[in-house]
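Residue numbers (my numbering): 17 to 150.
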């Protein structure tokens with residue numbers, strides 16, 4: 017069964033490219049959201065992972081979206097952002113952050129790590145992933 021991934025990104029070309037990479041890696045995209053409302057409307061217990069930007073169409077709502085996705089739906093959240101400093105020491109319930117740009121190899125490593133964590137395995141995080149301590 018493929019991993020289901022929600023992409024929360026307001027820059028259309030970046031979002032479409034991420035969706036293509038997710039599919040190329042054998043995962044299933046459940047869609048793209050560009051703000052709080054669209055992210056919450058696509059969220060469900062069926063989603064395994066969310067890749068969330070910090071600054072979205074409705075402002076810097078990414079951290080709140082990530083916290084809600086993790087807390088309300090049990091989704092593993094990774095922030096993919098050009099502004100990781102905006103996350104401070106981390107966001108409660110989320111796994112970590114990777115700085116843009118993110119290429120195929122990095123995204124593969126991050127998703128492999130996230131799925132290992134989800135399965136309860138003791139995995140080593142990728143070098144480019146800043147893991148939150150929460």
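Built from N, CA and C at the ideal position, the CB exists for glycine as well.
Inset, instruction - Measure the Cβ-Cβ separation of residue 30 and residue 65 and say whether it is below 8 Å. - result: no
Inset, instruction - Please say whether residue 86 and residue 51 have beta carbons closer to each other than 8 Å? - result: no
Legend entry - For residue 44, the first and last residue of its enclosing beta strand (DSSP E): 44 to 49
Inset, instruction - Mind checking which residues open and close the alpha helix (DSSP H) that includes residue 82? - result: Unbroken alpha helix (DSSP H) run through residue 82: 78 to 89.
Inset, instruction - Return helix, strand or coil for residue 148, following the three-state DSSP convention. - result: coil
Legend entry - Which of helix, strand or coil DSSP assigns to residue 67: Taken through DSSP and simplified to helix, strand or coil, residue 67 comes out as strand.
Inset, instruction - Measure the C-alpha to C-alpha separation of residue 46 and residue 108 and round it to an integer number of angstroms. - result: 24 Å
Inset, instruction - Starting from the C-beta of residue 111, find all residues in its chain whose C-beta is less than 7 Å away, skip the five residues before and the five after it, and write them out in chain order. - result: 92, 93, 94, 130, 133, 147, 148
Legend entry - Straight-line gap, residue 100 to residue 113 (C-alpha atoms, nearest Å): Between the C-alpha atoms of residue 100 and residue 113 there is a straight-line separation of about 7 Å.
Inset, instruction - Return the CA-CA distance between residue 143 and residue 119, expressed in angstroms with no decimal places. - result: 14 Å
Inset, instruction - Pick out whichever of 40, 84, 19, 104 has its Cα sitting closest to the Cα of residue 57. - result: 84
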